[in-house]
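Each number in the numbering used here corresponds to the 1-based position in the sequence shown with 734 added. Yeah, the Cβ is synthetic: ideal placement off N, Cα and C, and Gly gets one too. Remember, predicted model here, so these are calculated numbers, not experimental data. Right, one structure below, let's go through it.
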Amino acid sequence: MIDLSDGLAGDAEHLAAASGVAIHLDLELVPVAADAVVEARRLGVPVQQFAAEGGEDYELLVALPDTFSPGDVLDFESACGIALTRVGGVERGSGVRAALGVRRLLLRGFDHFS
């Protein structure tokens, strides 16, 4: 589990490296706030890419075992007091792979100093 202060893409990379796995993100599954949609359009950036690369999010990225049943997920949510949204998965390899539909995207993490 990791907070998303560096954005989904950047912190997924940190989680993948620390765990020795690859993480794939399906950007169509990432919830996007209405304000983020407005800002992405103002900047001329694809909305889902903007959401994945943005930072300072007050969200968590959690990797759960694939053996978790739907009931296990509900128990986890209840114990932690949070609702989960599946946005990808874990596979062998390294790094982060992101897709938006059939398009693969190269994402970068959030830079707090830019």
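- When Cβ pairs closer than 8 angstroms are counted between the two stretches, the region 798-817 is seen not to touch the region 743-758, the count staying below three.
- For secondary structure counted as the beta strand (DSSP E) over 3 or more consecutive residues, the region 749-773 holds these complete runs in sequence order: 756-760.
- Spanning the alpha carbons of G744 and Q782 requires a straight line of approximately 15 angstroms.
- Excluding its 5 nearest sequence neighbours in each direction, L763 has C-beta neighbours in its own chain below 8 angstroms: T819, R820, V821 and G822, listed in chain order.
- The three-state secondary structure of R826, taken from DSSP, is coil.
- Under DSSP, L795 forms a beta bridge with I736.
- Counting of Cβ neighbours within 10 angstroms places E811 among the exposed residues, the total staying below 16.
- Ranked by Cα distance from P765, the first of F784, G815 and S753 is F784.
- Excluding sequence positions up to five before and after G827, its CB lies within less than 8 angstroms of the CB of V755 and A756, all in the same chain and listed in chain order.
- A distance below 8 angstroms between beta-carbons, with the five flanking residues on each side excluded, links E773 to the following residues of its chain, in chain order: F784.
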